[in-house]
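**Q** Mind looking over this structure? Questions follow.
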Amino acid sequence: MNNIQFTAPPLPHYIISGRDLIIPGHEHPSRRNLGVFDLLYVLEGTLYIAEEQRQYEVRQGQALILSPNLAHVTTKPCEVPTHYFWLHFQTTGAWQHVEQHDYRLPPANIDYAHISTMDMNPFTIELPIYATIKHPSHMFEAMEELSRLRALMHQQSTRWQQQLVFQEIVQQLANSVEREPRSQAAECAELAADYLRQHYQDNVTAKELGEYLNFHPVYIARCMKKHFGSSPMEYLHRYRVHQAKLLLLHTNHSIARIAEEVGFSQAAYFSTIFTKYEGLPPRAFRQSYR
DNA sequence: TACGTAGATTGAAGTACCAG
DNA sequence: CTGGTACTTCAATCTACGTA
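Heads up: the first sequence begins at -12 in the numbering used here, then just goes up one per residue.
So this is what it looks like as structure tokens:
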């Protein structure tokens, strides 16, 4: 498990942070059940820390996130003066340890039809447990800013500002996740999906898609099935139904007009497809929200 | 009046398999 | 990894009729 995956909303939130110096022969405190995430970012020197069975040497420019529910111990005292930032954060949402995955691909079997049209679409934030930060100067500035703001924490506006700066730090961490290169098949699948999303209002055919991508339609279908769990047409239908749901809720257009706007030339056929994915016809879907 | 459903038909898309 | 073929499946259309 290399990463921690947070489901948002809610976003992880900042609690408190600080800067510390450990002189040679001394060590970072060992703790268990801290109850919050503990982000360590080393400016100089090295921290020697183990969490459960995994040992880390956190060097200059590297970060380590300790989890709230795991015990972490120092494996040996610092050998040189070690300067680091620590930051406690937490989430009230779901999180889990995960192996890294290719963030550029949507999850397999993505089901657009079941994404609620009244709520914000949930997403995940994946942070590395242990990483070398790609832009150390940005990380340093953000951490310094948090240290400065700490003195002004009695002000409401400061506490808000702290959360904004913390989100920058989260972004820095997320950008430092090492990605595995995408396979050609994954590339093909994603390009095809892009094309379908851009042309869902048109009469898209597999042949056109093949000509656009310079791949055989059979091959494209195979790639999409493998990476999205859907054939191109099924992907297109799900996306069209998703768009139709938005129009049903936010406009008073007739079913026939909405069908046309999302790429169905026959309202009756649109209704059939909508019912297939939603479990109820378009009109019933609209009425259920009115 | 607008919309939903069902059945028949046809051509396009998907799948399995093989080859380069 | 990609393309091609043969076969199967299903999307799309049309129409008629029922329903809110």
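Using N, Cα and C, we set each Cβ at its ideal position, and we do this for glycine too. Everything numeric in this text was worked out from a predicted model, so none of it was measured.
#1: Please check the pair Tyr264 and Arg225, which I expect to be a contact at CB under 8 Å, by giving their CB distance rounded to whole angstroms.
#2: With a 10 Å radius around its C-beta and 16 neighbouring C-beta atoms as the bar for buried, classify Asn239 as buried or exposed.
#3: List in chain order: all unbroken alpha helix (DSSP H) runs of 4+ residues lying wholly within the segment 181 to 225.
#4: In terms of residues, what are the limits of the beta strand (DSSP E) holding Ser4?
#5: Between which two residues does the alpha helix (DSSP H) harbouring Ile242 extend?
#6: What residue from Gln148, Asn190 and Cys210 has the CA that sits closest to Glu174's CA?
#7: Below 7 Å CB to CB, which residues in the same chain sit around Leu223 once its five sequence neighbours on both sides are set aside?
#8: For Thr145, which residues in the same chain have their Cβ closer than 8 Å to its Cβ, ignoring the five residues on either side in sequence?
#9: Here's the rule: buried if 16 or more other CB atoms are within 10 angstroms of the residue's CB, otherwise exposed. What is Ile112?
#10: If you draw a straight line from the alpha carbon of Pro219 to that of Leu27, how long is it in whole angstroms?
#11: Look at the alpha carbon of Ile97 and the alpha carbon of Glu221, and state the distance between them as a whole number of angstroms.
#12: Taking the alpha carbon of Thr262 as the point to measure from, which residue in Glu248, Leu236 and Lys232 has its own alpha carbon closest?
#13: Using only alpha-carbon positions, find the residue among Pro268, Asp25, Pro64 and Ala243 that is nearest to Cys0.
#14: Could you tell me the distance, in whole angstroms, from the CA atom of Leu8 to the CA atom of Gly32?
#15: DSSP three-state call for Pro269: helix, strand or coil?
#16: Quick check: the Cα distance between Ala37 and Ala81, rounded to an integer number of angstroms?
#17: Can you name the start and end residues of the alpha helix (DSSP H) that Thr145 belongs to?
**A** Walking through what the data contain:
#1: Counting from one through the first sequence, the residue named residue 264 turns up at place 277. Counting from one through the first sequence, the residue named residue 225 turns up at place 238. Right, their Cβ atoms sit about 6 Å apart.
#2: Here residue 239 refers to the residue found at position 252 of the first sequence. Counting Cβ neighbours within 10 Å, Asn239 comes out exposed, since fewer than 16 surround it.
#3: 193 to 200 and 204 to 215
#4: For the purposes of this step, residue 4 is identified with residue 17 of the first sequence, where counting begins at 1. Note, Ser4: beta strand (DSSP E), His0 to Ile9.
#5: Walking along the first sequence from the start, residue 242 turns up at place 255. First-last of the alpha helix (DSSP H) with Ile242: Ile242 to Glu248.
#6: On the first sequence, position 187 is the one that residue 174 refers to. Glu174 has its Cα closest to that of Cys210, out of Gln148, Asn190 and Cys210.
#7: For the purposes of this step, residue 223 is taken as the residue at position 236 of the first sequence. These residues qualify, in order along the chain: Leu183, Tyr187 and Val191.
#8: On the first sequence, residue 145 is found 158 positions in, with the first residue counted as 1. Leu136 and Leu139.
#9: For the purposes of this step, residue 112 is identified with residue 125 of the first sequence, where counting begins at 1. Ile112 is buried by the Cβ-count criterion.
#10: Sequence index remark: in the first sequence, residue 219 carries index 232 (1-based). Sequence index remark: in the first sequence, residue 27 carries index 40 (1-based). Pro219 and Leu27 have their alpha carbons spaced roughly 45 Å apart.
#11: Position 110 of the first sequence, counted from the first residue, corresponds to residue 97. Position 234 of the first sequence, counted from the first residue, corresponds to residue 221. Legend: pLDDT at Ile97 = 40, less than 50; position of this residue unreliable, no value from coordinates given.
#12: Working through the first sequence from its first residue, we reach residue 262 at position 275. Considering only alpha carbons, the answer is Lys232.
#13: Within the first sequence, residue 0 is the residue found at index 13, counting from 1. Here residue 0 is His; the residue named in the question, Cys, does not match the sequence. The candidate whose alpha carbon is nearest that of His0 is Asp25.
#14: Within the first sequence, numbered from 1, the residue matching residue 8 stands at position 21. Within the first sequence, numbered from 1, the residue matching residue 32 stands at position 45. When rounded, the distance between both Cα atoms is 10 Å.
#15: As a working mapping, residue 269 is identified with position 282 in the first sequence. Helix at Pro269.
#16: The sequence position of residue 37 within the first sequence is 50, counting from 1. The sequence position of residue 81 within the first sequence is 94, counting from 1. Their Cα atoms are separated by approximately 24 Å.
#17: Counting from one through the first sequence, the residue named residue 145 turns up at place 158. It spans Gln143 to Asn162 - the alpha helix (DSSP H) in which Thr145 sits, taken as one unbroken run.
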